[in-house]
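J.: Residue numbers (the working numbering): 823 to 954. For glycine and all other residues, C-beta sits at the position ideal for the given N, C-alpha and C. On a predicted model such as this, the values are computed, not experimentally measured, just so you know. My structure is below; once you've seen it, I'll send some questions.
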C-alpha cells in the first residue's frame, strides 16, 4: 500500500509541476520538460528530473547544430528551477492535499541524451561506418 501511495503522489507532483513550470515567466524554462518525479520513501523529498532542447535558451551558448545541452545551459536551467522551487513548493501546498510538502531537488535527465547517442552508434554500425 505504501508503494502505491508513493507512486500516486509522484504522479500527482509530476503533472502539477509540469503545468506550473509551463506557467513561469523565465525564458530559461521555456522548453523545459519534466520527465519524471521520484519521491523518497518518507515523502519528504522529491527528485524532479528534467530535460530540454538545446539552443532553446536566450543565452545563445548553443549552436544550431548542437544535439545536446552544454554544461552552462544545464547549470543555468537548474539554477532557474531551484530559484522557482520555493514558489513551486508553495503552490504544491496550496493545491495538493499532502500532509507534508516535499523538498524539490531538480536533476538533469540524461536518458534522452544517452538514447540519442546509442541510436547514432547503431545507425553508424548499420551503415557500415562503425569501428572494425
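Where does residue 919 fall in DSSP's three states?
T.: Coil, per DSSP.
J.: So what's residue 884 in DSSP terms, helix, strand or just coil?
T.: Residue placement at residue 884 is poorly supported in this model, since its pLDDT is 44, which falls under 50; the coordinates still yield a value, given next. If DSSP states are grouped into helix, strand and coil, residue 884 belongs with coil.
J.: For residue 839 and residue 910, I'd like the C-alpha separation in whole angstroms.
T.: If I take the Cα positions, the gap works out to 7 Å.
J.: Cα-Cα, which of 898, 912, 825, 832 is closest to residue 930?
T.: Here the closest residue by C-alpha is 898.
J.: How long is the line joining the alpha carbons of residue 829 and residue 935, rounded to whole angstroms?
T.: Cα to Cα, residue 829 sits roughly 25 Å from residue 935.
J.: Measuring CA to CA, which of 875, 860, 938 is closest to residue 852?
T.: Among 875, 860, 938, the Cα nearest to that of residue 852 belongs to 875.
J.: Looking at the structure shown, is residue 932 part of a helix, part of a strand, or coil, going by DSSP?
T.: The answer is coil: DSSP assigns residue 932 none of H, G, I, E or B.
J.: Since residue 1006 sits in a beta bridge, which residues does DSSP pair it with?
T.: Outside the modelled stretch of the chain, which goes from 823 to 954, sits residue 1006, for which no answer is possible.
J.: With 16 as the cutoff for other CB atoms within 10 Å, does residue 887 come out buried or exposed?
T.: Confidence at residue 887 is low in this model, with a pLDDT of 48, below 50, so the placement of that residue should be treated as unreliable; the coordinate-derived value is given next. Exposed, since its Cβ has fewer than 16 Cβ neighbours within 10 Å.
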